[in-house]
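Going by the working numbering, the sequence shown opens with residue 70, and the numbers climb by one from there.
Virtual Cβ for every residue (Gly too), placed ideally from N, Cα, C.
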Amino acid sequence: MYKIISCLLMLSLGACAQSPNKSTLNKSTMSEIKNKFYSTTNKEKLVLADSVWKQVLSPEVYQIAREKGTERPFSSAFETSKEVGTFHCAACGNPLFKSTAKFESGCGWPSFFEPITKSSIIYIPDNSHGMVRTEVECGKCKAHLGHVFEDGPPPTGLRYCINGIVLSLEK
Ligand SMILES: [Zn+2]
């Protein structure tokens, strides 16, 4: 009898000891998915006011996605990573590039030779900073991703030079 009681006691203690862990886990998961607009399946165009984006994106993602910033070269772990999966827009979840289309260009930013589909990306002429370039934006939420250049490898000859901060790798 004593054994059973001590067993029950252990169980209840165990349950007690587990509950704080559980709530911490929930908390961290909650903060990671505070962006309620992020969806890897919803294909509808996403148009939000900058004030709303500011609330749901981290300052780093916001600065690049919405203010067309550029991350420091060689600062993204994605630049040389060989991880297999699909790279999504970190702002809205739109699938953008497959890891099989990734190559090491040495330019300092994650580089791809083709997007998942033609409509994953929007192309915009960019003549800022005295250069003639083509800006690429997310086809779903128009987040600034980077630029595309015509010095990439076969089969496309294109180099999509993308800020790693606005990519989210789903394995
Ligand atoms: Zn997007």
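Lining residues of ligand 1 - beta-carbon closer than 5 Å to any non-hydrogen atom, in sequence order: 158, 160, 161, 163, 207, 209, 210 and 212
Status (buried if at least 16 other CB within 10 Å, exposed otherwise) for residue 229: Locating residue 229 in the sequence shown gives position 160, counting from the first residue. With 16 or more other Cβ atoms within 10 Å, it is buried.
Span of the beta strand (DSSP E) around residue 237: Within the sequence shown, the letter at position 168 stands for residue 237. First-last of the beta strand (DSSP E) with residue 237: 236 to 239.
Residue 225 beta carbon less than 8 Å from that of residue 216: Taking the sequence shown and counting its residues from 1, the one referred to as residue 216 is at position 147. Taking the sequence shown and counting its residues from 1, the one referred to as residue 225 is at position 156. For residue 216 and residue 225, no; Cβs fall outside 8 Å.
Identity of the residues DSSP links to residue 205 by a beta bridge: One-based indexing of the sequence shown puts residue 205 at position 136. The partner list for residue 205 (beta bridge, DSSP) reads 192 and 215.
Sub-8 Å separation of residue 147 and residue 236 beta-carbons: On the sequence shown, position 78 is the one that residue 147 refers to. On the sequence shown, position 167 is the one that residue 236 refers to. Yes, they are a contact pair.
Selected residue, minimal CA-CA separation from residue 214, among 114, 201, 198 and 189: As a position in the sequence shown, residue 214 is number 145, starting the count at 1. Nearest C-alpha to residue 214: 189.
Which residues DSSP lists as bridging residue 157, in chain order: To locate residue 157, count along the sequence shown from 1; it is residue 88. The partner list for residue 157 (beta bridge, DSSP) reads 164 and 237.
Whole-angstrom distance between residue 178 and residue 124, CA atom to CA atom: Against the sequence shown, residue 124 aligns to sequence position 55. Against the sequence shown, residue 178 aligns to sequence position 109. So the two alpha carbons sit approximately 26 Å from each other.
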